[in-house]
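J.: One structure, as structure tokens, below. Some questions next.
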Amino acid sequence: DGGITQSPKYLFRKEGQNVTLSCEQNLNHDAMYWYRQDPGQGLRLIYYSQIVNDFQKGDIAEGYSVSREKKESFPLTVTSAQKNPTAFYLCASSWGTVNTEAFFGQGTRLTVV
Amino acid sequence: QQQVKQSPQSLIVQKGGISIINCAYENTAFDYFPWYQQFPGKGPALLIAIRPDVSEKKEGRFTISFNKSAKQFSLHIMDSQPGDSATYFCAALDRGSTLGRLYFGRGTQLTVWP
């Protein structure tokens, strides 16, 4: 089945550690996105990528990093510089501006302990 | 600055009632307006979307009303059911932009009482 797979579903991190969230899609989509969701804050864009080996900062990129070495994969690293990393992280993909529907993964809940 | 403003933040409706969620935007370049539905612990899924060349779009019990001059659009859920209890997000996109990103409202948590 085509879709977006995020892993792991739950992740615990100690303060001061970097952690990487995985996002893989087999929809052959060009564009991929990372969002952070906090209660009452909606979906805030962290990073997005329209093509391989290129990505742009979103609204809240500080403390995060990404790579796009393959079309199917867009991993997100939450670094120790992110002051408040506990949140629900969502990955999405779309054809870009050609087809406007965005498909979301099931999310990763990150908790700092 | 919030590109898309959504209200109310939460909504409680009795089974069989009408749920109405409103959104407003400022950027006149936006030309695609989707609504997403999200259940707890899941990712959002596209519910219904509209382009500004029509004033209304209906799919089953879900209707989007669009007012281009007022730069507002709303989601109406007719005959609301407990299974509709979820968080709803409106969004907007400028399809002509090379950035290709959606701007989301902050969401409305809908609870439908049986």
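Line order of the protein sequences matches chains W and L. Sequential numbering from 469 applies to the first sequence in this note's numbering. Sequential numbering from 970 applies to the second sequence in this note's numbering. In this text, a Cβ means the ideal position worked out from N, Cα and C, and glycines have one as well.
At 9 Å on the CB atoms, spell out the chain W contacts of K1011 of chain L, in chain order.
T.: In chain order: F572, Q574 and G575.
J.: Output needed in chain order: residues of the region 502–517 of chain W with a Cβ under 7 Å from some Cβ in chain L.
T.: Answer in chain order: G508, Q509, G510, L511, L513 and Y516.
J.: Please classify V1081 of chain L as buried or exposed, where buried requires at least 16 neighbouring CB atoms within 10 angstroms.
T.: Looking at its Cβ environment, which holds 16 or more other Cβ atoms inside 10 Å, V1081 of chain L is buried.
J.: Which stretch, first to last residue, makes up the beta strand (DSSP E) that contains I514 of chain W?
T.: First-last of the beta strand (DSSP E) with I514 of chain W: G510 to I519.
J.: Just to confirm the assignment, what range does the beta strand (DSSP E) spanning W1004 of chain L have?
T.: From DSSP, the beta strand (DSSP E) with W1004 of chain L extends over F1002 to Q1007.
J.: In terms of residues, what are the limits of the beta strand (DSSP E) holding S979 of chain L?
T.: S979 to Q983 is the span of the beta strand (DSSP E), which, as asked, contains S979 of chain L.
J.: Closer than 7 Å by beta-carbon distance: list the chain W residues that pair up with L1071 of chain L, in chain order.
T.: Under the 7 Å cutoff, chain W gives A570.
J.: Below 8 Å, can you find three or more Cβ-Cβ pairs linking the region 1044–1054 of chain L to the region 993–1000 of chain L?
T.: Result no; under three Cβ-Cβ pairs closer than 8 Å.
J.: Which whole-angstrom value is the C-beta distance of G575 of chain W and L558 of chain W, which I expect to be below 8 Å?
T.: Confirmed, about 5 Å.
J.: CB G573 of chain W to CB A499 of chain W, shorter than 7 Å?
T.: No, they are not a contact pair.
J.: Between A499 of chain W and chain L, is any beta-carbon pair separated by less than 7 Å?
T.: A499 of chain W counts as touching chain L.
J.: So, helix, strand or coil for D1053 of chain L, using DSSP?
T.: Correct three-state label for D1053 of chain L: helix.
J.: For a contact meaning CB atoms closer than 8 Å, what does F1058 of chain L contact in chain W?
T.: Under the 8 Å cutoff, chain W gives G510 and L511.
J.: Within a Cβ cutoff of 8 Å, which residues of the same chain sit near A1014 of chain L, ignoring the five residues on either side of it in sequence?
T.: Excluding positions up to five away in sequence, the list reads Y1005, Q1006 and Q1007.
J.: Kindly list the residues whose CB is nearer than 6 Å to the CB of Y478 of chain W, restricted to its own chain and excluding five residues on each side of it in sequence; keep chain order.
T.: Cβ neighbours of Y478 of chain W beyond the five flanking positions: R577.
J.: Using 7 Å as the limit for Cβ to Cβ distance, is L1044 of chain L near chain W?
T.: No, L1044 of chain L does not count as interfacial toward chain W.
J.: Could you tell me whether the Cβ of G986 of chain L comes closer than 7 Å to any Cβ of chain W?
T.: No - not a single Cβ of chain W is within 7 Å of the one on G986 of chain L.
J.: Identify whether H1045 of chain L lies in helix, strand or coil by the three-state DSSP scheme.
T.: H1045 of chain L: strand per DSSP, three-state reduction.
J.: Mind pulling the chain W residues with CB within less than 7 Å of G1076 of chain L?
T.: Under the 7 Å cutoff, chain W gives G510.
J.: Pair every Cβ in the region 491–507 of chain W with every Cβ in the region 539–546 of chain W, then say whether three or more of these pairs are closer than 8 Å.
T.: Segments in contact, yes.
J.: In the structure shown, what three-state DSSP assignment does S1066 of chain L receive?
T.: Coil at S1066 of chain L, not helix or strand.
J.: Would you identify the three-state DSSP class for T1077 of chain L, choosing helix, strand or coil?
T.: Three-state DSSP puts T1077 of chain L in a strand.
J.: Would DSSP call V546 of chain W helix, strand or coil?
T.: V546 of chain W falls in the strand class under three-state DSSP.
J.: If F556 of chain W and Q505 of chain W are in contact, beta carbons under 8 Å, what's the gap, nearest whole angstrom?
T.: Right, their Cβ atoms sit about 4 Å apart.
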